[in-house]
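Count along the sequence shown from 1, then add 760; that gives the number in my numbering.
Even for Gly, the Cβ is constructed at its ideal location relative to N, Cα and C.
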Amino acid sequence: MLVCSCNFITEKDIVDVINGLLDEDCWQLIVPAKVYHAMQKRGRCCGCFPNVVDIIIRTTEQYHARGDSTDAEIFDFMTRLKQFHEENRRADLERRQKSHRAA
């Protein structure tokens, strides 16, 4: 499935990069900018970033479920990642609303 039409990046490309990053350090925080940098691309319109974050979360969960990680480590990491995602989503929504305010 095509995730980023600006750079023609598929979901498989993103999953492969995420798995490669997790192989290097399985507890690192992976964000869309890190994924794009690893692919030597850059976000253009950045409309795909929320979908990329969802792919990162799903792929990270699957990676750790297959590995030797304990449930406590996975739960703590995924809780922090989801909290980070929600905080940034709220901040993004707040930014959008401020730009539409009348003076």
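Mind checking which residues open and close the beta strand (DSSP E) that includes residue i?
i           : result
residue 762 : 762-764
Tell me which residues share the same chain as residue i and place their Cβ nearer than 8 Å to its Cβ, disregarding the 5 neighbours each side in the sequence.
i           : result
residue 779 : 819 and 823
Using three-state DSSP, classify residue i as helix, strand or coil.
i           : result
residue 790 : coil
residue 767 : coil
residue 842 : helix
residue 847 : helix
Provide the residue span of the alpha helix (DSSP H) that contains residue i, from first to last.
i           : result
residue 780 : 771-784
residue 811 : 809-826
With a CB to CB cut of under 7 Å and the five nearest residues on each side skipped, what residues in its chain are close to residue i?
i           : result
residue 811 : 763
residue 771 : 761, 763 and 815
residue 788 : 781
residue 813 : 792 and 845
When you compare the CB positions of residue i and residue j, do they come within less than 9 Å of one another, or not?
i           : j           : result
residue 816 : residue 792 : yes
residue 777 : residue 798 : yes
residue 802 : residue 767 : yes
residue 769 : residue 805 : no
Spatial neighbours of residue i within its chain, please: C-beta separation below 6 Å, excluding the five flanking residues on both sides.
i           : result
residue 781 : 790
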